[in-house]
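See below for the structure under consideration.
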Amino acid sequence: MDSERPEIHELLQKAGAGDGGAVDALFARHRDQLHRAVALRLDGRVAARCDASDVVQQTLMEASRRLPQYLQRRDIPFALWLRGLACEKVIQLHRRHLGTDKRAAGREQLALPADSSAQFVRGMLARDPSPSQTLMAVELAERLRLALAQLDDDERDLILWRHFEQLSNREAAALLGVTAAAASKRYVRALERLRGVLINSGE
67 MDSERPEIHE
77 LLQKAGAGDG
87 GAVDALFARH
97 RDQLHRAVAL
107 RLDGRVAARC
117 DASDVVQQTL
127 MEASRRLPQY
137 LQRRDIPFAL
147 WLRGLACEKV
157 IQLHRRHLGT
167 DKRAAGREQL
177 ALPADSSAQF
187 VRGMLARDPS
197 PSQTLMAVEL
207 AERLRLALAQ
217 LDDDERDLIL
227 WRHFEQLSNR
237 EAAALLGVTA
247 AAASKRYVRA
257 LERLRGVLIN
267 SGE
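The sequence shown runs contiguously to residue 269 in this note's numbering.
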């Protein structure tokens, strides 16, 4: 796609010409992002049998098989294509081991990383004089998890994509099917709503 970053576009061009090194470089550049997306959504009961690194490895193997078809179409950014494959792997694992779909590990079961969650909440509540500032990181992560569960799906997803998965605004817009400007406005509104929920939960 024209919206790819120049270095990714170049690697995709080389991969399409049969350059195996370019394929390896593409996968290496996106491995950490995939790991964040998977670790965030993988139910703990499933992770005990197949952790996030295993899922990422399975995803990249699947991507290697399906890359020629993707290169013919290139209808979505490469990072989002990989992410979609990873999320499908998570859904399959949840169905296999829990007998349900991705929402079983959705709102209540998000595996939020404690340190970055605590930092995020402290930033959101910087002007809040409540005792929240002294809470342990794990407690803040739990508070954030419960607050996210009260948001609409799109609001929650936007915050997860932008903050925890570290997707760009352009990538979030593509996932939502809206313009970058619209996605940016939605993200600001989602943050405002989340802050309100967090403040109310601390009263």
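From the three backbone atoms N, C-alpha and C, an ideal C-beta is built for every residue, glycine too. All values reported here derive from a predicted model rather than from experimental measurement.
Three-state secondary structure assigned by DSSP to residue i
i	result
S234	coil
C116	coil
D347	The question about residue 347 has no answer, for the chain in this structure spans 67 to 269.
G172	Because G172 carries a pLDDT of 45, less than 50, the predicted location of this residue cannot be relied on, and no value is offered for it.
V244	coil
A105	helix
M127	helix
R140	coil
A207	helix
L217	coil
D85	coil
G165	coil
M190	helix
E70	coil
Among the options, the one whose alpha carbon lies nearest that of residue i
i	options	result
N266	M190, D85, L164 and Q79	M190
L151	E258, A180 and R131	R131
A94	L159, G110 and L148	L148
R259	L217, E231 and L233	L217
R161	V112, E205 and A207	V112
L257	A246, F186 and A207	F186
H101	D109, G110 and D117	D117
R209	R188, R71, W227 and H229	R188
Q138	A105, A83 and H96	A83
A105	G165, A180 and A247	A180
Neighbour-count burial assignment, residue i, 16 or more Cβ in a 10 Å radius
i	result
D219	exposed
A129	buried
E73	exposed
V254	exposed
V263	buried
E221	buried
S183	buried
E231	buried
P134	exposed
D85	exposed
A207	buried
Chain-order list of residues whose beta-carbon lies under 6 Å from that of residue i (same chain, five-residue window excluded)
i	result
K155	V121, Q124 and T125
R211	L176 and L178
Y136	W147
K80	A88
Beta-carbon proximity list for residue i, same chain, < 7 Å, skipping 5 on both sides
i	result
A249	N235, A238, A239 and L242
Q99	A145, E231 and Q232
H229	F186
Beta-carbon proximity list for residue i, same chain, < 8 Å, skipping 5 on both sides
i	result
R252	D220, E221, L224, L242 and V244
K168	The predicted position of K168 is uncertain, since its pLDDT is 47 and thus under 50; no value can be drawn from it.
L92	I74, L77, L78, A81 and F144
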